[in-house]
Every structure is written in structure tokens, then in C-alpha cells.
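Numbering (our numbering), first residue to last: 60 to 517.
Even for Gly, the Cβ is constructed at its ideal location relative to N, Cα and C.
Note that the coordinates shown come from a computational prediction; the quantities given were computed from them, not determined experimentally.
To start, the structure itself, in C-alpha cells.
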Amino acid sequence: MPKRSSFKNRFAFYLLAIGSACGLGNLWRFPYIVGENGGGAFLLVYVFLSLTIGLALLIAELMIGHFSGSSILEASRRIAIRTKIPFTYFGWLSVLISAATLAYYSVICGWVLHYLTQFVISLLQSDTNAYLAQMSIGLLQKNGWLQFLLASVHLLLTVVIVVKGIEEGVERWVSYLLPVFGVLVIVLLMGSLSLETTPEVLRFLFYPDFSKLNWGSLGHAVGHVFFTLSLGFGVMVTFGSYLKEKQHLPTVGLRVTVIDTFISILSVLLIFPIAFSSSKIPLTDPSLLFDALPQYLSTFKGGVLFGMVFFLCLWLAALNASVGLLETVTANLIEKRPDFKRSRAATIAGTAILLVTIFPAFSQSLFKDVKISGHSIIETLDLFLINGLLPVAGIGMVVIVLTALTEKDRSDLFIDPMNLTSRIMYSHWKIFLKWLVPSVVVLGLLFQAIGFFLKYRN
Ligand code: PHE
Numbered sequence: 060m061p062k063r064s065s066f067k068n069r070f071a072f073y074l075l076a077i078g079s080a081c082g083l084g085n086l087w088r089f090p091y092i093v094g095e096n097g098g099g100a101f102l103l104v105y106v107f108l109s110l111t112i113g114l115a116l117l118i119a120e121l122m123i124g125h126f127s128g129s130s131i132l133e134a135s136r137r138i139a140i141r142t143k144i145p146f147t148y149f150g151w152l153s154v155l156i157s158a159a160t161l162a163y164y165s166v167i168c169g170w171v172l173h174y175l176t177q178f179v180i181s182l183l184q185s186d187t188n189a190y191l192a193q194m195s196i197g198l199l200q201k202n203g204w205l206q207f208l209l210a211s212v213h214l215l216l217t218v219v220i221v222v223k224g225i226e227e228g229v230e231r232w233v234s235y236l237l238p239v240f241g242v243l244v245i246v247l248l249m250g251s252l253s254l255e256t257t258p259e260v261l262r263f264l265f266y267p268d269f270s271k272l273n274w275g276s277l278g279h280a281v282g283h284v285f286f287t288l289s290l291g292f293g294v295m296v297t298f299g300s301y302l303k304e305k306q307h308l309p310t311v312g313l314r315v316t317v318i319d320t321f322i323s324i325l326s327v328l329l330i331f332p333i334a335f336s337s338s339k340i341p342l343t344d345p346s347l348l349f350d351a352l353p354q355y356l357s358t359f360k361g362g363v364l365f366g367m368v369f370f371l372c373l374w375l376a377a378l379n380a381s382v383g384l385l386e387t388v389t390a391n392l393i394e395k396r397p398d399f400k401r402s403r404a405a406t407i408a409g410t411a412i413l414l415v416t417i418f419p420a421f422s423q424s425l426f427k428d429v430k431i432s433g434h435s436i437i438e439t440l441d442l443f444l445i446n447g448l449l450p451v452a453g454i455g456m457v458v459i460v461l462t463a464l465t466e467k468d469r470s471d472l473f474i475d476p477m478n479l480t481s482r483i484m485y486s487h488w489k490i491f492l493k494w495l496v497p498s499v500v501v502l503g504l505l506f507q508a509i510g511f512f513l514k515y516r517n
């Protein structure tokens with residue numbers, strides 16, 4: 060990876076880290092996960108985990124990067140040499156997860172691209188709003204070739220950006236768009252919160268009913284915390300390596316976590332009032348965002364234009380995430396095979412990922428009969444990667460921080476001598492990292508396994 064200079068501008072760094080955290084995970088994935096897990100109680104568990112294990116791990120990943128000054132594979136390799144413990148496996152696990160996630164993420168990015176083109180097409184229609192109202196993701200999901208084509212276009216663009224080595228510029232530009240995107244979300248939110256279903260939604264979201272949680276809920280919450288904060292992929296390790304000397308890692312971690320969690324809450328507040336007002340929109344389906352938004356936008360004038368800009372921002376945010384993921388894979392491939400040129404490494408990685416994309420792209424058509432515990436291929440990939448492997452990679456990060464860094468390394472990087480409370484926070488952070496993260500991850504995996512077992516038995 061071309062070594063980037065550390066950030067001269069603190070604000071630019073924040074935008075970049077927040078840009079990596081906020082994206083499809085918040086707007087597309089989070090609302091249907093909350094729907095699937097019964098609302099309020101899940102939301103509470105999620106916010107708690109985000110601010111405890113999410114924050115603790117984010118600080119840990121930034122710390123690994125800041126300490127080693129390199130990406131995850133290189134960091135784990137150097138640490139493995141020094142400690143004689145095979146940490147490199149954890150590094151490879153992160154790289155593998157990044158590649159596999161990009162394969163299925165590209166399909167979802169293809170959905171966003173499809174909607175973007177549909178908004179453009181609807182501008183040319185005589186009755187734009189009627190066109191919007193009949194948009195449905197169901198047709199697209201049944202068309203494997205179209206999904207594959209859209210995912211390929213998205214992936215190709217990602218590869219071009221990485222081959223040309225212009226990801227720094229792209230990330231920066233996209234991160235500047237973030238505030239615009241935030242304003243769009245807030246405008247939409249004001250509209251959706253004035254719908255008459257809002258009181259019902261607020262009850263659903265803010266009156267926790269713990270009986271609605273199921274065996275998979277804890278694992279879902281853990282997995283989503285990791286996914287949305289980009290933990291376990293090694294992305295935050297790389298960001299940590301760019302951070303300037305003076306910056307206080309816990310403050311950085313806290314700000315990114317709070318903003319990301321806040322945006323996730325805004326997302327459910329935005330989507331649910333719309334979904335509640337139509338019986339046709341399933342709360343628990345990955346199509347939730349794509350069904351709800353066009354419906355709503357079709358109800359007011361200028362909705363098409365608004366939707367176009369909104370989906371463009373969403374797609375750019377997703378492109379940014381995809382670039383980050385492919386960059387991780389490419390950089391690590393070059394480290395392993397120094398004879399590979401950047402263009403060759405990115406093309407090989409992109410082609411391999413594209414081949415994997417075939418499975419999620421055709422999961423509702425060619426492979427529609429392939430069900431694993433009742434889930435389609437795309438759902439299984441999502442569950443396996445995000446709820447299963449990502450938390451394991453997160454444990455790897457915990458092990459690295461706790462064994463490879465000395466107590467002095469950690470406390471020097473954590474404690475701000477001018478701030479007394481940071482000393483207290485440090486001891487809490489260590490407890491979270493050492494006890495809370497591993498036990499919650501293990502319980503999440505165990506409960507999910509029990510859930511699968513019970514489902515199979517019935
Ligand atoms: N955190 C991003 C989201 O919420 C997804 C992502 C994961 C981005 C890993 C980069 C790396 O959409």
C-alpha cells in the first residue's frame with residue numbers, strides 16, 4: 060500500500076473514519092435487523108454493545124495501527140516474529156473476510172445502482188410518481204443476470220480506483236459528501252416522523268419487550284456492531300496507522316462510535332414510520348430500505364430528484380467502503396507476492412471476488428432452491444461472515460493488543476496525562492477488552508448455535 064502521510068488535518072481524519080463506519084450498514088442493514096429482532100429490546104442491547112465492546116475494540120484496532128504504523132497483515136506478521144505466536148493467521152482471516160464481504164456487498168451496491176438508474180429513468184416518464192410507486196426490489200432479486208451485471212460494474216469501478224491508486228482522493232471526496240448526505244437524511248427524517256404511524260413506531264422502538272428477543276439476537280447485535288464500525292476487517296488498523304502522534308485514540312474512537320450509533324438510530328426512525336404505513340413492506344426483509352423509500356418519495360413533488368441525489372450519495376458511500384475492502388486485500392496480496400504489480404494484484408483480487416459474487420447474485424434465481432437452515436445463499440453469506448467470522452477476527456485483535464503490546468505501550472497510547480478521567484477509563488477499557496468482548500462474542504456464537512439446533516430439531 061502506498062504509505063500515506065499522517066493527517067495534517069484532524070477533521071479530515073474524522074470524516075474518513077466516519078465515512079468508513081457510516082454507510083449501507085446503517086441505512087440498509089440495521090433497520091431490517093432491528094425489525095427481525097423485535098424492535099426496542101434489541102435496539103437497547105445494540106446501543107449498549109456498541110458503546111462498550113464496539114468502542115473498546117475500535118480503540119484497540121486504532122492502537123494496533125498506530126503502534127505498528129502498518130496494515131493488519133504486516134502488523135500481525137511483525138508481532139508474530141517478535142512473540143513467536145502465529146498471529147499471522149488472524150491477519151489472513153481479516154483479509155479473507157474483507158474479500159468475501161466485498162463479494163456479497165457488491166450485490167447490494169448493485170441494488171443501489173439499480174435504484175439510481177430507476178430514478179433517472181423515472182424522470183423521463185410522464186407520471187414520475189406513479190413510476191416510483193411501482194418500483195420493487197422483488198423483480199430485480201429474481202433477475203440473477205441483472206444483479207450480476209450491476210455487481211460487476213460496481214466491482215469494476217472499485218478495481219479501477221484501486222489500480223490507479225486514487226483511493227485516497229476518492230475517499231476524501233466521498234467523505235466531503237458525508238455532511239450533504241447527513242442533511243438529506245435529516246430532511247427525510249422530518250418528513251417520515253410527521254407520518255401518523257410515528258407514535259406506533261416510537262412504541263415499537265423505545266418500549267423494550269425482551270420476550271421478542273430470540274436465540275440469534277445477541278449474535279446479530281454483536282455482528283452488526285462489528286460490521287457497522289468496520290471492526291475485524293483490519294480497516295481501522297490501517298486508519299490508526301495514519302493518525303498523528305498527538306491525537307488521543309479513545310476520543311477518536313468515542314466520537315466515531317457515537318456518531319455511527321446515532322446515525323443507525325436515525326435510520327430506523329426514518330424507515331420504520333414509512334414501513335409501518337404500508338402493510339406490503341416487510342420489516343424483517345433485506346429489501347426494507349429499497350421498498351420503503353421510493354414509496355415514500357412518490358408521495359411528494361420533487362421526490363424523484365431527492366431520491367436520485369440520496370441514492371447517489373448512498374452508492375458513493377458504498378463505493379468508498381468497497382474501495383477500502385479491496386485495498387486491504389490488494390495491499391496484503393502485494394505484501395505476500397512482492398513481484399506482483401499493484402494493477403496485477405488488484406485485478407487478480409477483483410476477478411476472484413467477482414467469481415464469488417455469482418453465488419449471492421443468483422441466490423434468488425438459479426440457486427433459489429439452495430437453502431441453508433431456511434436461508435438463501437446471500438443471507439447465509441451475510442450471517443456467516445458478519446455474525447460468525449467477524450467476531451472471531453475481533454477476538455484476534457483483542458489477543459494482539461493484549462499480548463503483543465506491553466502494559467506501558469497500551470497505557471502510553473491510551474492515557475492523556477492532562478486528563479485525570481482517562482486513567483479511570485483505561486482500567487475500564489482493559490476490563491471490557493479482556494472480559495466483556497470475549498464473553499459476549501462467545502455467548503453470541505453459542506446462542507446462535509443453539510438457535511440453529513432447535514430450528515433443525517423442529
Ligand atoms: N461499516 C460499513 C457500513 O456500515 C461497512 C464497511 C465494512 C466498510 C468494512 C468498510 C469496511 O456500511
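For GLN507, the closest of MET477, LYS223, TRP274 by C-alpha to C-alpha distance is TRP274. Cβ neighbours of PHE269 within its own chain (closer than 7 Å, five residues either side excluded): ALA100.
In the three-state DSSP reduction, HIS125 falls in the helix class (H, G or I). Inclusion of LEU110 and GLY299 in the CB contact set at 8 Å is not warranted, their separation being larger than that value. Burial is judged here by how many other beta carbons sit within 10 angstroms of a residue's own beta carbon; HIS125 has at least 16 and is buried. PHE369 and LEU117 have their C-alpha atoms some 28 Å from each other.
Between the alpha carbons of GLY84 and GLY503 lies a gap of roughly 19 Å. By the Cβ test, the stretch 86-105 is in contact with the stretch 277-285, since at least three Cβ pairs between them sit closer than 8 Å. Per DSSP, reduced to three states, the secondary structure at HIS434 is strand. CA-CA distance, LYS360 to ASP186, rounds to 11 Å. For GLY362, the enclosing alpha helix (DSSP H) has its first and last residue at 362-395.
For ASP468, the enclosing alpha helix (DSSP H) begins and ends at 466-473.
Close CB contacts of LEU461 within its chain, under the 8 Å cut and outside five residues either way in sequence, are with LEU492, LYS493 (chain order). Of VAL166, GLU133, GLY250, ILE167, the smallest CA-CA separation from TRP151 is found for GLU133. At a threshold of 7 Å, LEU449 does not count as near ligand 1, since its beta carbon sits no closer than that to any of the ligand's heavy atoms. Relative to LYS143, the option among VAL218, LEU214, ALA463 whose CA is nearest is ALA463.
Around the beta-carbon of GLY228, fewer than 16 other beta-carbon atoms lie within 10 Å, marking it exposed. Within the stretch 279-331, the complete alpha helix (DSSP H) segments of 4 residues or longer fall at 294-301, listed in chain order. Collapsing the DSSP output to three states places LYS143 in coil. Taking C-beta atoms as the reference points, CYS81 and ASP441 fail to come closer than 8 Å. In terms of CA proximity to SER251, LEU329 leads the group TRP374, LEU325, LEU329. Here the alpha carbon of THR389 sits roughly 9 Å from the alpha carbon of ARG403. Measuring C-alpha to C-alpha distances from ALA189 to each of PHE178, ILE196, LEU198, GLY197 identifies PHE178 as the nearest. Following the DSSP letters along the chain, one finds VAL500 inside the alpha helix (DSSP H) bounded by residues 496-516.
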